[in-house]
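Q: Here's a structure for you.
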Amino acid sequence: MKVLDLKCSLDHRFEGWFASTDEFESQLSRKLVACPICSTTDVSRMPSAPRLNLSSARSDDSAPVSTAAKGGDSAQQARALNFMREILAKTENVGERFAEEARRMHYDEAPARNIRGVATPEDAHALMEEGIDVMPLPVPASLKEPLQ
Ligand SMILES: [Zn+2]
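Numbering (my numbering), first residue to last: 325 to 472.
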């Protein structure tokens with residue numbers, strides 16, 4: 325037997341017992357399913373209780389998942405921060421002279437090394453047009469202070 329949650333056009337809610345969902349559909353189409361309150365045969369099926377329970381169980385399940393995702397995010401942030409520290413440790417800070425130094429290195433006027441510094445978007449764009457690799461490096465504020 326199937327217990328279906330039904331609703332009539334006047335929003336009366338009631339349960340209907342059927343051999344199967346198909347049987348319900350069949351009785352419905354033959355107007356054999358009537359509202360016990362107002363007797364209308366304009367009846368439709370509501371989302372069944374088990375499905376509602378399932379969806380609330382799903383949202384409960386998603387809580388630990390989202391916590392795990394948060395943990396993953398902070399682990400990822402820590403990795404990004406370490407990566408950033410590594411870059412900062414391995415590069416020479418040339419500050420405002422970044423574009424100038426990058427050009428000098430590119431044209432062999434200065435020893436090749438990894439540098440970092442400040443470049444305006446126009447500078448960075450011009451350097452890239454000259455074939456000089458420039459990578460934007462959003463340094464977290466927490467790392468900026470002790471290094472400059
Ligand atoms: Zn009714």
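Ideal placement from N, C-alpha and C gives every residue a C-beta, glycine not left out.
These numbers were taken from a predicted model, which means no experiment stands behind them.
#1: What is the residue span of the beta strand (DSSP E) that Arg314 lies within?
#2: When DSSP builds the beta bridges, which residues end up paired with Val442?
#3: Please work out which residues of its chain come closer than 7 Å, Cβ to Cβ, to Ile439, disregarding the five sequence neighbours upstream and downstream, and give them in chain order.
#4: By Cβ distance, which residues of its chain are closer than 6 Å to Met325, with the 5 residues on each side in sequence left out?
#5: For chain D, is any of its Cβ atoms less than 8 Å away from the one on Met429?
A: Inspection of the coordinates gives the following:
#1: Residue 314 is absent from the structure shown; the chain starts at 325 and stops at 472.
#2: According to DSSP, Val442 bridges with nothing at all.
#3: Within the same chain, Cβ atoms closer than 7 Å to the Cβ of Ile439 are found at Thr415, Glu416, Val418, Phe422, Glu425 and Ala426, the five residues on either side in sequence being excluded.
#4: If we look at Met325 and ignore the five residues flanking it on each side, its Cβ neighbours are Trp341.
#5: Considering every chain present, this structure includes no chain D. It has just one protein chain.
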